[in-house]
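Asker:
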Amino acid sequence: MLREGTVGEDKRRPDEGFGNALQRWMSVALLALATGTSLAAEVAGHWEGEIDLPDRPLVVKVDLVRNGDAWRGTIDIPAQGANGLPLDPVTVVTGDHGVSVAFSIRGVPGNPTFKGRHDQDTLHGDFSQGGITVGFRLGRQAATGPSRPQEPKPPFPYTAEEVVVEAGPVKLAGTLTVPNGEPPFPAVLLISGSGLQDRDQTLFDHKPFWVLADHLGRSGVAVLRVDDAGIGASTPHPEPPTTADFANDAAACVQRLRSDTRFSRVGLVGHSEGGLIATLLAGERDDIDYVALLAAPGVSGAELMRKQNQRIFAAAGFTDERTTDLLALLDRLFTTLVSDLPDDELRLRVEEIALQQLAVNGIVGIDLEDERVQASVEAAMSPWMRYFLRLDPRPSLERIRAPVLALNGDLDLQVDAEQNLSAIESALNLGGNTQATSHRLPGLNHLFQHAETGLVDEYARIEETMAPEVLDLIRDWIVDVAQ
Numbered sequence: 007m008l009r010e011g012t013v014g015e016d017k018r019r020p021d022e023g024f025g026n027a028l029q030r031w032m033s034v035a036l037l038a039l040a041t042g043t044s045l046a047a048e049v050a051g052h053w054e055g056e057i058d059l060p061d062r063p064l065v066v067k068v069d070l071v072r073n074g075d076a077w078r079g080t081i082d083i084p085a086q087g088a089n090g091l092p093l094d095p096v097t098v099v100t101g102d103h104g105v106s107v108a109f110s111i112r113g114v115p116g117n118p119t120f121k122g123r124h125d126q127d128t129l130h131g132d133f134s135q136g137g138i139t140v141g142f143r144l145g146r147q148a149a150t151g152p153s154r155p156q157e158p159k160p161p162f163p164y165t166a167e168e169v170v171v172e173a174g175p176v177k178l179a180g181t182l183t184v185p186n187g188e189p190p191f192p193a194v195l196l197i198s199g200s201g202l203q204d205r206d207q208t209l210f211d212h213k214p215f216w217v218l219a220d221h222l223g224r225s226g227v228a229v230l231r232v233d234d235a236g237i238g239a240s241t242p243h244p245e246p247p248t249t250a251d252f253a254n255d256a257a258a259c260v261q262r263l264r265s266d267t268r269f270s271r272v273g274l275v276g277h278s279e280g281g282l283i284a285t286l287l288a289g290e291r292d293d294i295d296y297v298a299l300l301a302a303p304g305v306s307g308a309e310l311m312r313k314q315n316q317r318i319f320a321a322a323g324f325t326d327e328r329t330t331d332l333l334a335l336l337d338r339l340f341t342t343l344v345s346d347l348p349d350d351e352l353r354l355r356v357e358e359i360a361l362q363q364l365a366v367n368g369i370v371g372i373d374l375e376d377e378r379v380q381a382s383v384e385a386a387m388s389p390w391m392r393y394f395l396r397l398d399p400r401p402s403l404e405r406i407r408a409p410v411l412a413l414n415g416d417l418d419l420q421v422d423a424e425q426n427l428s429a430i431e432s433a434l435n436l437g438g439n440t441q442a443t444s445h446r447l448p449g450l451n452h453l454f455q456h457a458e459t460g461l462v463d464e465y466a467r468i469e470e471t472m473a474p475e476v477l478d479l480i481r482d483w484i485v486d487v488a489q
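Residue numbers (the working numbering): 7 to 489.
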């Protein structure tokens, strides 16, 4: 299904045009063709609606354009920060029972495909991806997304400047908010977590970085937030990137802030993997004035992901036997991925583990040729994953001399608070940092929302984007240390 941090994939090719009803008489055939063409033309234009996902409806926006007998289109998925994804193929066929419509999202795993009918002012039918099928319904009226009461509203006591930061081979587009009044101002760079994120860190219609930037801007703090390389208006890396590449991108953004005479001090606020990136930068540079680590790793990627999966299995109600078997396979997978095996042998071992994981989960009838299996194998073997598993932030934490604020919610299932806050505190103490503050926050999940379980399926249902007390805590700390 279309999931968090990713956007569904698709394959697309030119449209196949209109089907013509076979009629005995030429006059009837011409009439049928004219009528069919007219009906099909009504499909063109803007549509909004929802996919009926099991845990929540997912709002999508579709634009379909006709060019002669060919069709093309794009889709926006606001909750995932995905805009203008190409639809290919787009097929519109007029038959005896009306107009059928089908389109797929190009380049997304599981070949997400919409198949349905045009009925007056609606498109409705089935959405399928990776062997799972649910309903969808699109209309001409604007779809009402979930309530997000914290989304910033004018008037804004700051200006928003569009900026482009050159970071080696990539160009990072972003927004720099500068408070009204006389400079200099303290400034921060917001660094997002794993997966491609836009400048607002859009997720399930939440925009945490916009909410945070607004909160800081109203208290006199300048904020730079950028689209990750390869999403939004930022250009992609020429090769599959790792955390090291993202750290280089962030370093270029720091330099952009440092070169602006309106800013007196420059700090970092990193969430999840963004906190890891902030740690790496602050550990090697002496021009970082303060660092806020939000749900940041304090242990190696392998340690973090093992604990992450263990807690998710428990929260999902897995049996002890199933959890034990899956964790054993996970350990084997991590050991394999950090090894120096040749790529062909590495792939064979990862594929073997993937099939064993399916068996433990009771999934049968799937072989290595299945696109879902191959997608998981490719993700596991990606340069990012292999680098992340080896990466340990503790040496960098020991070198940080700037003030540090470390926050974690105790319902965070992605970055366990006890495991990672303890490691961060120990490393900072070992390095002699006497300006560190940490808080384990009760009842908050990985996004710092008030939650019940911490599972990902809560993120969209919770209207709160970020707990107000967390926003205040970050703001007050930055204002204090930046004086």
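Each residue gets a CB set at the ideal place from its N, CA and C atoms; glycine is no exception. For clarity, every value in this text was computed on a predicted model and none was experimentally measured.
I'd like to confirm the pairing. Which residues does DSSP put opposite S444 in its beta bridges?
Answerer: Bridge partners of S444: A412.
Asker: Is the beta carbon of L282 closer than 7 Å to that of P399?
Answerer: The answer is yes: Cβ separation under 7 Å.
Asker: Between which two residues does the alpha helix (DSSP H) containing K67 stretch?
Answerer: Unbroken run through K67 is the beta strand (DSSP E), 63-73; no alpha helix (DSSP H).
Asker: Any idea which residues DSSP pairs W390 with across the strands?
Answerer: BP columns for W390 are empty, so no partner.
Asker: Quick check: the Cα distance between H52 and T128, rounded to an integer number of angstroms?
Answerer: Those two C-alpha atoms are separated by around 11 Å.
Asker: Secondary structure at L28, three-state DSSP: helix, strand or coil?
Answerer: Note that L28 has pLDDT 27, beneath the 50 cutoff, so the model's placement of it is unreliable and no number is given.
Asker: Buried or exposed, going by whether 16 or more other CB atoms sit within 10 Å of the CB of L436?
Answerer: Flag for L436 reads exposed.
Asker: Got a sec? Which residues, its chain only, sit under 8 Å from A386 by beta carbon, not counting five neighbours each side?
Answerer: Answer for A386: L339, L343, V356, A360, listed in chain order.
Asker: Taking the CB atoms as reference points, tell me whether F269 and G226 lie closer together than 7 Å.
Answerer: Cβ atoms of F269 and G226: not closer than 7 Å.
Asker: Would you say P185 and G223 are within 7 Å of each other, going by their C-beta atoms?
Answerer: Their beta carbons are under 7 Å apart, which means P185 touches G223 by this criterion.
Asker: How would you write the range of the alpha helix (DSSP H) that I359 sits in, first residue to last?
Answerer: Start and end: 349-366.
Asker: Strictly by DSSP, which residues pair up with F109?
Answerer: Answer is V96, F120.
Asker: What does I237 pair with, by DSSP beta-bridge criteria?
Answerer: According to DSSP, I237 bridges with nothing at all.
Asker: If you count every other CB in all the chains shown that lies within 10 Å of the CB of Q489, and 16 or more means buried, which is it?
Answerer: By the neighbour-count rule (16 or more Cβ atoms within 10 Å), Q489 is not buried but exposed.
Asker: Return the residue from the list T285, D255, L395 that minimises the CA-CA distance to E309.
Answerer: E309 has its Cα closest to that of L395, out of T285, D255, L395.
Asker: From which residue to which residue does the alpha helix (DSSP H) around A322 run?
Answerer: That residue, A322, is in no alpha helix (DSSP H); it is neither H nor E in DSSP.
Asker: Could you check what DSSP says for G131 in three-state terms: helix, strand or coil?
Answerer: Three-state DSSP puts G131 in a strand.
Asker: Give the single residue among S444, E54, L397, L59 whose Cα lies nearest to the Cα of A250.
Answerer: The shortest C-alpha separation from A250 is found at L397.
Asker: Could you give the distance in angstroms between the alpha-carbon of D418 and the alpha-carbon of V105?
Answerer: So the two alpha carbons sit approximately 47 Å from each other.
Asker: If you draw a straight line from the C-alpha of H221 to the C-alpha of F215, how long is it?
Answerer: Spanning the two alpha carbons is a distance of roughly 10 Å.
Asker: Confirm, please, whether the CB-CB distance from G280 to S198 is below 7 Å.
Answerer: Yes. Within cutoff.
Asker: In whole angstroms, what separates the C-alpha of S134 from that of W77?
Answerer: Taking the straight line joining both Cα atoms gives about 21 Å.
Asker: With I57 and I81 assumed to form a contact (beta carbons below 8 Å), what rounded beta-carbon distance in angstroms separates them?
Answerer: Not quite, the Cβ-Cβ distance comes to about 11 Å (not below 8 Å), so this is no contact.
Asker: Could you name the residues of the same chain whose beta carbon sits closer than 7 Å to that of R205, not counting the 5 residues immediately before and after it, in chain order?
Answerer: Once the five neighbours on either side are set aside, the close Cβ partners of R205 are G180, T181, F215, R231, V232, D233, G238.
Asker: Taking C-beta to C-beta, are T165 and A219 nearer than 7 Å?
Answerer: No.
Asker: Report yes if the CB atom of S443 is closer than 7 Å to the CB atom of Q156, and no otherwise.
Answerer: The amino acid at residue 443 is misidentified as Ser; the sequence shows Thr. No; because the gap between Cβ atoms is not below 7 Å, this pair is not in contact.
Asker: In terms of alpha-carbon separation, which member of D125, N367, K159 lies closest to G145?
Answerer: The shortest Cα separation from G145 among D125, N367, K159 belongs to D125.
Asker: Leaving out the 5 sequence neighbours to the left and right, which residues in its chain are closer than 6 Å to L479 when beta-carbon positions are compared?
Answerer: Here the set comprises nothing.
Asker: Can you tell me which of the three DSSP states E469 falls into?
Answerer: Looking at E469 - three-state DSSP - the assignment turns out to be coil, as it is neither helix nor strand.
Asker: In three-state terms, what does DSSP make of S432?
Answerer: The answer is helix: DSSP assigns S432 an H, G or I state.
Asker: Quick one: what's got a C-beta closer than 6 Å to A457's C-beta in the same chain, skipping five residues either side?
Answerer: If we look at A457 and ignore the five residues flanking it on each side, its Cβ neighbours are L417, N451, E464.
Asker: From F210 to Q455, what distance separates their C-alpha atoms?
Answerer: Each residue's Cα considered, the two are about 13 Å apart.
Asker: Where does A88 fall in DSSP's three states?
Answerer: Looking at A88 - three-state DSSP - the assignment turns out to be strand.
Asker: My guess is that L491 and N414 are in contact by the Cβ rule of under 8 Å, so how many angstroms apart are they, rounded?
Answerer: As displayed, the chain neither begins before 7 nor continues past 489, which places residue 491 out of reach and without an answer.
Asker: Please state the DSSP three-state secondary structure of S402.
Answerer: If DSSP states are grouped into helix, strand and coil, S402 belongs with the helices.
Asker: Just the Cα atoms here: how many angstroms apart are P409 and A381?
Answerer: Between P409 and A381, the C-alpha separation is close to 41 Å.
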